[in-house]
Amino acid sequence: MALPRARWIVVVTGLAAAALLAQKPFRVYQSLEPYDVVDIPPDYQEKTEWVFGRLMFPAHPNARFGRWRGNADWREGGTSWTQDYPRGDRLVSAALRRLTRIHVRSVEQPVNLDDGDDVFYWPFLFAGEMGDWLLTDSQAARLREYLLRGGFLLLDDFWGTPEWDQFMESMIRVFPDRPIVEIPEDDPVIRTVYTLKDRYTIPGHWALRRGTTYRNDGQTPHWRGIYDDRGRLMVAIWFNNDVGDSWEWADNPIYPERYSALGIRLAVNFVVYALSH
Numbered sequence: 001m002a003l004p005r006a007r008w009i010v011v012v013t014g015l016a017a018a019a020l021l022a023q024k025p026f027r028v029y030q031s032l033e034p035y036d037v038v039d040i041p042p043d044y045q046e047k048t049e050w051v052f053g054r055l056m057f058p059a060h061p062n063a064r065f066g067r068w069r070g071n072a073d074w075r076e077g078g079t080s081w082t083q084d085y086p087r088g089d090r091l092v093s094a095a096l097r098r099l100t101r102i103h104v105r106s107v108e109q110p111v112n113l114d115d116g117d118d119v120f121y122w123p124f125l126f127a128g129e130m131g132d133w134l135l136t137d138s139q140a141a142r143l144r145e146y147l148l149r150g151g152f153l154l155l156d157d158f159w160g161t162p163e164w165d166q167f168m169e170s171m172i173r174v175f176p177d178r179p180i181v182e183i184p185e186d187d188p189v190i191r192t193v194y195t196l197k198d199r200y201t202i203p204g205h206w207a208l209r210r211g212t213t214y215r216n217d218g219q220t221p222h223w224r225g226i227y228d229d230r231g232r233l234m235v236a237i238w239f240n241n242d243v244g245d246s247w248e249w250a251d252n253p254i255y256p257e258r259y260s261a262l263g264i265r266l267a268v269n270f271v272v273y274a275l276s277h
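The numbers in my numbering rise by one with no breaks, and the one at position 29 of the sequence shown is 29.
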């Protein structure tokens, strides 16, 4: 028997309310970065068409960062997923506002794969320090579902063989049957807005302080990816690079402009690609 119109309105309204309840609100977590406070922009609650999602993740036992906190709970911040957060997230969001017509929220959204269906509200996710993550089986399964349903994941800031091997401990459980390949020069993501044929190593601020541009055996930059069955790039992997630092330090004169210029162009291309493919 068909439901009366009034009851349909009640059902639809109830479903909409449940969806809103499932979507996690904006929250600020403890950062690993040396600054203590980053001001929240006055328009942070503005409803926009795109939000920079920051993937939260549990730390690997051999993680480089966050161990100084002892038994720190990654769900409360202060571990590896908060590297470059929130300053880098907000500066690149501001750059996207200036350089594109995308209506970008001024603040990021930390996303925990354990929070039910919340991840599906945030179609773009970024994560750094990928040599430090160690997903649970349920998190790997949720991330795989997210990506196959159209989500986009951008991974950054890990260097050399040791960190790649630790990264793969989790990535192989997300996609055991999909290869990681070098993104070809004719891929649309390379020329979506800017033509990015000259993609040199983007070092971290930490590297410049010690007179090098890399760590471990990570001298050569790689721009790798995982594709779905339709040829859509769904995981982008910026290996032997620290693009997050090029965003975080973009407004600081001690960080070379050429690195931030490339880092921001990369952000524009990959975000526009993720929105249009």
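Glycine included, C-beta positions come from ideal geometry on N, C-alpha and C.
Annotation: Leu143 to Thr136 spans about 11 Å, alpha carbon to alpha carbon. Classified as buried, Asp245 has 16 or more neighbouring CB atoms from the shown chains inside 10 Å of its CB. In this structure, Ser31 places its C-beta atom within 8 Å of the C-beta atom of Gly77. A direct Cα-Cα distance of roughly 17 Å separates Gly131 from Ile202. For the pair Asn269 and Ile190, the Cα-to-Cα distance works out to about 7 Å. Around Ala140, the same chain offers Ser170, Arg173 and Val174 as residues with beta carbons nearer than 8 Å, after the five sequence neighbours per side are excluded. DSSP, read as helix, strand or coil, puts Trp206 in helix. With distances taken between CA atoms, Ile226 lies nearest to Ile180 out of Ile180, Leu196, Gly218 and Trp81. Contact check for Leu233 against Phe126 fails: the beta carbons are separated by 8 Å or more. CA-to-CA, the gap between Lys24 and Leu208 works out to about 37 Å. Taking the Cα positions, Ala267 is about 8 Å away from Val92.
With a minimum length of 3 residues, the unbroken runs of beta strand (DSSP E) contained wholly in the region 117-184 fall at 124-128 and 152-156. Under the three-state reduction of DSSP, Gly225 is assigned to strand. Apart from sequence neighbours up to five positions away, the residues of its chain that approach Asp84 with a beta-carbon distance below 6 Å are Gly128, Gly244 and Glu248, ordered along the chain. In terms of CA proximity to Pro61, Trp133 leads the group Trp133, Pro162 and Pro176. In this structure, the straight-line span from the alpha carbon of Asp114 to that of Trp122 is close to 14 Å. Around the beta carbon of Trp206, fewer than 16 other beta carbons lie within 10 angstroms, which makes this residue exposed. Residue Val193 holds the alpha-carbon nearest to the alpha-carbon of Val272 among Pro256, Asn252, Val193 and Arg210.
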